[in-house]
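Enquirer: Numbering (my numbering), first residue to last: 156 to 249.
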Amino acid sequence: LAALVALAADSHHQTRRGIAELLTVLLQSGVEPNAHMPGLLAAIKAHVADANAAVRTAGGKCFWAAHARFPREGDKLLAQLDASQKKMLKRLQK
Numbered sequence: 156l157a158a159l160v161a162l163a164a165d166s167h168h169q170t171r172r173g174i175a176e177l178l179t180v181l182l183q184s185g186v187e188p189n190a191h192m193p194g195l196l197a198a199i200k201a202h203v204a205d206a207n208a209a210v211r212t213a214g215g216k217c218f219w220a221a222h223a224r225f226p227r228e229g230d231k232l233l234a235q236l237d238a239s240q241k242k243m244l245k246r247l248q249k
């Protein structure tokens with residue numbers, strides 16, 4: 156998980172999108188981030204704010220996977236986002 160979080164800031168948008176998608180799958184499968192939670196949340200926040208639309212969408216889906224598992228941390232992260240990011244997340248909410 157630490158290696159994935161480290162790659163979340165890769166210079167290639169394809170890598171960032173792939174990392175967000177992989178983190179989503181891991182969160183949905185029950186992986187416990189434990190000590191990596193701060194890095195995971197920082198990666199999600201960066202993906203949601205990414206310049207690339209595909210990365211933002213993947214980051215939004217990852218946010219909702221994290222929020223489903225860790226609602227308190229998800230709410231704290233949501234409070235840190237700007238209005239346009241919150242609007243995008245609302246659009247992706249299932």
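Even for Gly, the Cβ is constructed at its ideal location relative to N, Cα and C.
1) Looking only at its own chain, which residues have a Cβ that is under 6 angstroms from the Cβ of H135, when we skip the five neighbours before and after it?
2) With a threshold of 6 angstroms on Cβ separation, who are the neighbours of A194 within its own chain once the five nearest residues in sequence on each side are excluded?
3) Nearest to K216 by alpha carbon, out of R227, K245 and S239?
4) With K200 as the anchor, note down where its alpha helix (DSSP H) starts and where it stops.
5) Does DSSP classify E187 as helix, strand or coil?
6) Given a threshold of 16 other Cβ atoms within 10 Å of its Cβ, counted over all protein chains shown, does H167 qualify as buried or as exposed?
7) Since Q248 is in the alpha helix (DSSP H), which residue starts that stretch and which ends it?
8) Please determine, among G185, A163, L232 and P226, the residue with the shortest C-alpha to C-alpha distance to E176.
Expert: Here's the rundown:
1) The chain is shown from 156 up to 249; residue 135 falls before or after that span and cannot be answered.
2) As written in the sequence, residue 194 is Gly, which differs from the Ala given in the question. Taken in chain order, the residues that qualify are V160.
3) If we check each option's Cα against that of K216, K245 comes out closest.
4) Note, K200: alpha helix (DSSP H), M192 to V203.
5) Of the three classes helix, strand and coil, the one that applies to E187 here is coil, per DSSP.
6) Counting the other Cβ atoms within 10 Å of the Cβ of H167 gives fewer than 16, which makes it exposed.
7) Premise fails: Q248 is in no alpha helix (DSSP H) and is neither H nor E.
8) Here the closest residue by C-alpha is A163.
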